[in-house]
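Colleague: First the structure, which I've put down as structure tokens, then a few questions once you've had a look.
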Ligand SMILES: [Zn+2]
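Structural data, given as structure tokens:
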């Protein structure tokens, strides 16, 4: 099959690689824009603690998004799920960590 693989329905698809980055290293991600461009690579950046990102960080995220990258969010406080679940439920985690991040993203900084 070489560099090709069969996808759903048997159609040939080019192989791919999914690049994801996490947390709050926005300055470094922004600094790698030329490298992403050089390889025509697109990535998804999942930020944590979105309420702690300063305006310049949001501007850098917007620049990454305008380059074609995807910006997502994975938690509000970056609580460790395994520790969290010793004291709360998974539903508590969703309510405290995920939904506020989702709302903040929809509303914007
Ligand atoms: Zn993380």
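Numbering (this note's numbering), first residue to last: 118 to 226. Note that the Cβ used here is the ideal one computed from N, Cα and C, for glycine as well.
#1: Suppose contacts are defined by Cβ-Cβ distances below 8 Å. Is residue 192 in contact with residue 215 by that definition?
#2: What residue does the alpha helix (DSSP H) around residue 219 start on, and which one ends it?
#3: Beta-carbon within less than 6 Å of residue 183's beta-carbon, same chain only, minus the 5 sequence neighbours each way: which residues are those?
#4: Between the C-alpha atoms of residue 207 and residue 151, what's the straight-line distance to the nearest angstrom?
#5: Let's test the definition: count the other Cβ atoms within 10 Å of the Cβ of residue 219 and tell me whether it reaches 16, buried, or not, exposed.
#6: Indicate the three-state DSSP secondary structure (helix, strand or coil) for residue 118 in the structure shown.
#7: At a cut-off of 7 Å, would you count residue 145 as near ligand 1, judging by its Cβ distance to the nearest heavy atom?
#8: Are there any heavy atoms of ligand 1 lying less than 7 Å away from the beta-carbon of residue 209, as far as the coordinates show?
#9: Taking buried to mean at least 16 other C-beta atoms within 10 Å of its own C-beta, is residue 181 buried or exposed?
Modeller: Reading it off the structure:
#1: Numbered from its first residue, the chain shown carries residue 192 at position 75. Numbered from its first residue, the chain shown carries residue 215 at position 98. Annotated as proximal: residue 192 and residue 215, with beta-carbon spacing under 8 Å.
#2: Here residue 219 refers to the residue found at position 102 when the chain shown is read from its first residue. First-last of the alpha helix (DSSP H) with residue 219: 216-224.
#3: Here the question's residue 183 lines up with position 66 in the chain shown. For residue 183, same chain residues with a beta-carbon under 6 Å away, outside a window of 5 residues either side, do not exist.
#4: By one-based count along the chain shown, residue 207 stands at place 90. By one-based count along the chain shown, residue 151 stands at place 34. Approximately 40 Å between the Cα atoms of the pair.
#5: Locating residue 219 in the chain shown gives position 102, counting from the first residue. Label assigned to residue 219: exposed.
#6: For the purposes of this step, residue 118 is identified with residue 1 of the chain shown, where counting begins at 1. Low confidence applies here, because residue 118 scores a pLDDT of 43, under 50, leaving its location unreliable; read the following figure in that light. Under the three-state reduction of DSSP output, residue 118 falls in the coil class, being neither helix nor strand.
#7: The count along the chain shown starts at 1 and reaches residue 145 at position 28. Result no, Cβ not under 7 Å from ligand 1.
#8: Translated into the one-based positions of the chain shown, residue 209 becomes position 92. Flag unset: Cβ of residue 209 not near ligand 1.
#9: As a first step, residue 181 must be located in the chain shown, where it is residue number 64. Under the 10 Å beta carbon count, residue 181 is surrounded by 16 or more other beta carbons and is classified as buried.
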